[in-house]
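Q: Next up is a structure, given as C-alpha cells.
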Amino acid sequence: MWETDTGRRLSYIEHEKYKVTNVTFSSDGKYLTTASVDGCSRIWDVATSEEAIRISDNSSGRLLTFSRDGKYLATAGWENTVQVWEIVSGRDVICVIHPGYGVQGVALSPDGKYLATASEDNSARLWELSTGLEVVRMVHPGYGINTVTFSSNGRYIATASWDKTARIWETVSGKEVICINHKDRVHDVVFSPDGRYLATASTESIAIVWEVTTGQEVTRMSIKRGGSAIAFNPDGKYLATGSGGDDMTVQVWEWETGQKLGCMNHPRGVTAIAFNPDGKYLATAGWDNTARVWELATRQEVARISHERGVNNAVNDVAFSPDGKYLVTGGWDKTARVWEWATHQEVARVSHESGVQSVAFSLDGKYVATGSYDSTARVWLWQPKDLIDETCHRLTRNLTQEEWQQYLLGEPYCKTCPNLP
Numbered sequence: 000m001w002e003t004d005t006g007r008r009l010s011y012i013e014h015e016k017y018k019v020t021n022v023t024f025s026s027d028g029k030y031l032t033t034a035s036v037d038g039c040s041r042i043w044d045v046a047t048s049e050e051a052i053r054i055s056d057n058s059s060g061r062l063l064t065f066s067r068d069g070k071y072l073a074t075a076g077w078e079n080t081v082q083v084w085e086i087v088s089g090r091d092v093i094c095v096i097h098p099g100y101g102v103q104g105v106a107l108s109p110d111g112k113y114l115a116t117a118s119e120d121n122s123a124r125l126w127e128l129s130t131g132l133e134v135v136r137m138v139h140p141g142y143g144i145n146t147v148t149f150s151s152n153g154r155y156i157a158t159a160s161w162d163k164t165a166r167i168w169e170t171v172s173g174k175e176v177i178c179i180n181h182k183d184r185v186h187d188v189v190f191s192p193d194g195r196y197l198a199t200a201s202t203e204s205i206a207i208v209w210e211v212t213t214g215q216e217v218t219r220m221s222i223k224r225g226g227s228a229i230a231f232n233p234d235g236k237y238l239a240t241g242s243g244g245d246d247m248t249v250q251v252w253e254w255e256t257g258q259k260l261g262c263m264n265h266p267r268g269v270t271a272i273a274f275n276p277d278g279k280y281l282a283t284a285g286w287d288n289t290a291r292v293w294e295l296a297t298r299q300e301v302a303r304i305s306h307e308r309g310v311n312n313a314v315n316d317v318a319f320s321p322d323g324k325y326l327v328t329g330g331w332d333k334t335a336r337v338w339e340w341a342t343h344q345e346v347a348r349v350s351h352e353s354g355v356q357s358v359a360f361s362l363d364g365k366y367v368a369t370g371s372y373d374s375t376a377r378v379w380l381w382q383p384k385d386l387i388d389e390t391c392h393r394l395t396r397n398l399t400q401e402e403w404q405q406y407l408l409g410e411p412y413c414k415t416c417p418n419l420p
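Numbering that gives the first Met the number 0 puts the first residue of the sequence shown at 0, with every later residue one more than the last.
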C-alpha cells in the first residue's frame, strides 16, 4: 500500500508463495481484500497489515468487490463463477491466523461471541466470531503462550506461558489484572466453575490454586515429573492433574484439603484432561495416540479411542460436548475428531495442514474450535443437520430433477432445503 501524495510505501502484504491477482478496498477504507491463485480471498486490516479473514472460494479470483455497506464480498473466478459472501455470518468455517506461529490453545467464550487463541508468537488474541476480526491482543513478553481459557462468566481470560507465569486479563479491555509467578514453565491453567479460583500446572512438579481477585496462593499439590494438564470437576470440589514424562499418571485431589483421592495411569504421559458435565467421567489425552475415558468413582477405564499410529502421533487435547455424549480430540496427525465415546464411533473429522494442538466445544455444542501448528485457529460446524442448514442458507434453490440424476443417481429425489423452490 502506498501513500498517493508522496508515493511512500506504507505497508507490505505477502500472499505466502502465491501470485496475487486482484485487490480492492472496503468503502470505509479499513480493509483491503486480495485474491490469489491459491483459491483464497483474504481480508486484511489496513491499519495493522494483518490478515483478518480468509475465504476459500477455490476460484483463483479475478475480480473482487465489496458491497457499499461492507456486509458482502463478491468474487469472480476463472471458472465462470461469481460468488457472494456474507462477511458477517455466511461462513461455516471461521479461520483466524497467527502469521508464522503455531496456535497452542483455543477457547470459546461462554456467550458464544468470541474465540480466544494462544500462540507461540507470545500473544493471546480475542476474535469476534461474527466477523472473524481481532478485537483484543494480550502479550507475554518474550515467550510463547501454551493455554488460554475463559472464566465461567466470561469476564476474565487466563493464559499460561513458558515465561514461568500465568496471567489473568480483563476480556473486554485486554488489561492485565494479575500476574502469577512460578519457578518454571506453566503448562496449563483453568478457572474454578464459580470463577473464584485459578489452578495452574507447572513443570516444577506442582499444581497451585490461587485466589483470582488477589493472586494469593490458596493451596498447592505435588505432582510427579512435572504438571502437564489440570482441570476442575463441574462442582469445583475436585481437581485433576496430569503428568508428562515417565510418571504417566492422572491424580484426583480434594484440593481444599490437599487430599489425594485416586490415581489413573495413561501410558507414555498425559497431554490433556477434561471432566464430563456431570462429573462422573474423566477424559485424558496422551502421547500414546489415544484418548481414554475413566469412571471417576471406580477409576476404571471405560472407553478408549485412537488416532492413527505413527511417529509422535500424540493426541494433544480432549474436550466433552455440553451434553456429555461426544468427545472431541485433536492430534499430531493433523486432524480433530468428534466421537460418540460410549460406542467408540467417530462421527466427524476435520483437517488442518499441521498438528492440532487444542480443541473446544461451544456452550451450545454446535461448533468445534481447533488450534493448529499451521498458524490457524478455526471454528467448524460438525453436525450434519447444521451443515445442511448452513448450505441451504447460502443457496437460492434446490437441485432440479435433472441435476439430481446427474449427481445423485440411484437416490430418490427430494428437496434438500424445504424452504427453497
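We put the beta carbon where it would ideally sit given N, CA and C, even for glycine.
On the DSSP bridge list, what partners appear for residue 301?
A: For residue 301, which the question treats as bridged, DSSP gives no partner whatsoever.
Q: Which value, in whole angstroms, describes the spacing of the CA atoms of residue 417 and residue 393?
A: If I take the Cα positions, the gap works out to 14 Å.
Q: Since residue 392 is in the alpha helix (DSSP H), which residue starts that stretch and which ends it?
A: Unbroken alpha helix (DSSP H) run through residue 392: 383 to 393.
Q: DSSP puts residue 285 in a beta bridge; with which residues?
A: In DSSP, residue 285 forms a bridge with 269.
Q: Please work out which residues of its chain come closer than 6 Å, Cβ to Cβ, to residue 204, disregarding the five sequence neighbours upstream and downstream, and give them in chain order.
A: Correct list, in chain order: 222, 225.
Q: Let me check understanding here. Comparing Cα to Cα, which of 361, 336, 293 lies closest to residue 322?
A: The option with the nearest alpha carbon to residue 322 is 361.
Q: Provide the residue(s) that pair with residue 345 in DSSP beta bridges, ordered along the chain.
A: 338.
Q: State the Cα-Cα distance for the pair residue 315 and residue 228, rounded to the nearest angstrom.
A: Residue 315 and residue 228: Cα-Cα distance of roughly 11 Å.
Q: Assuming residue 290 contacts residue 326 under a Cβ cut-off of 8 Å, what Cβ separation, rounded to an integer in Å, is found between them?
A: With a Cβ gap of about 7 Å, residue 290 and residue 326 count as contacting.
Q: Which of the three DSSP states is assigned to residue 410 in this structure?
A: If DSSP states are grouped into helix, strand and coil, residue 410 belongs with coil.
Q: Start and end of the beta strand (DSSP E) containing residue 122?
A: Unbroken beta strand (DSSP E) run through residue 122: 122 to 127.
Q: Nearest CA to the CA of residue 112: which residue from 121, 101, 124, 128?
A: If we check each option's Cα against that of residue 112, 128 comes out closest.
Q: Checking the sheet assignment: what are the DSSP bridge partners for residue 448?
A: Nothing can be reported for residue 448: it is not among the residues displayed for the chain, which extend from 0 to 420.
Q: Helix, strand or coil: how does DSSP classify residue 2 here?
A: Coil.
Q: Just the Cα atoms here: how many angstroms apart are residue 338 and residue 7?
A: Spanning the two alpha carbons is a distance of roughly 54 Å.
Q: Using only alpha-carbon positions, find the residue among 288, 154, 296 that is nearest to residue 305.
A: Of 288, 154, 296, the residue nearest in Cα terms is 288.
Q: Per the DSSP calculation, residue 166 is bridged to which residue(s)?
A: Answer by DSSP bridge pairing, in chain order: 158, 178.
Q: Nearest to residue 378 by alpha carbon, out of 104, 167, 25?
A: The option with the nearest alpha carbon to residue 378 is 104.
Q: Look at the alpha carbon of residue 98 and the alpha carbon of residue 250, and state the distance between them as a whole number of angstroms.
A: About 37 Å.
Q: For residue 214 and residue 177, I'd like the C-alpha separation in whole angstroms.
A: Each residue's Cα considered, the two are about 6 Å apart.
Q: Can you list, in chain order, the residues of its chain whose CB lies under 7 Å from that of residue 344, leaving out five sequence neighbours each side?
A: Cβ neighbours of residue 344 beyond the five flanking positions: 338.
Q: Taking residue 109 as the reference, give the member of 232, 149, 243, 136 with the closest Cα.
A: Minimum Cα distance to residue 109 is reached at 149.
Q: Looking only at its own chain, which residues have a Cβ that is under 8 Å from the Cβ of residue 312, when we skip the five neighbours before and after it?
A: Closer than 8 Å at the Cβ level, and outside the excluded window around residue 312, lie 288, 306, 330, 331, 332.
Q: Could you check the C-alpha separation between residue 191 and residue 21 for me, to the nearest Å?
A: Each residue's Cα considered, the two are about 49 Å apart.
Q: Let me confirm a value: residue 61 is counted as buried when at least 16 other C-beta atoms fall within 10 Å, else exposed. Which label applies?
A: For residue 61, the predicted model reports a pLDDT of 45, less than 50, meaning its position is unreliable; a value from the coordinates is still stated below. Residue 61 should be labelled exposed.
Q: If you scan the region 238 to 265 from start to end, which runs of the alpha helix (DSSP H) of 4 or more residues do you find wholly inside it?
A: You should have found no qualifying run.
Q: Whole angstroms is fine: what's the gap from residue 197's alpha carbon to residue 242's?
A: In a straight line, the C-alpha of residue 197 is about 19 Å away from that of residue 242.
Q: Assuming contact is defined by CB atoms lying nearer than 8 Å, are residue 147 and residue 375 in contact in what I supplied?
A: Contact flag unset, no.
Q: Using C-beta distances below 8 Å, list every residue in its chain close to residue 173, excluding the 5 sequence neighbours before and after it, in chain order.
A: Hits under 8 Å: 125, 135, 136, 137.
Q: Can you tell which of 317, 28, 12, 168 has the C-alpha that lies nearest to the C-alpha of residue 34?
A: Among 317, 28, 12, 168, the Cα nearest to that of residue 34 belongs to 12.
Q: So, using beta-carbon positions, are residue 220 and residue 202 closer together than 8 Å?
A: No, the Cβ-Cβ distance between residue 220 and residue 202 is not below 8 Å.
Q: Distance check for residue 264 and residue 297, CA to CA, integer angstroms please.
A: Each residue's Cα considered, the two are about 13 Å apart.
Q: Less than 8 Å between C-beta atoms, sequence neighbours within five positions excluded: which residues of the same chain meet that for residue 277?
A: The residues are 233, 323.
Q: Classify residue 307 as helix, strand or coil using the three-state DSSP reduction.
A: Residue 307: coil per DSSP, three-state reduction.
Q: On the DSSP bridge assignment, give the partners of residue 363 in chain order.
A: In the DSSP output, where bridge partners are listed per residue, residue 363 has none listed.
Q: With a Cβ-Cβ cutoff of 8 Å, do residue 235 and residue 193 count as a contact?
A: Contact flag set, yes.
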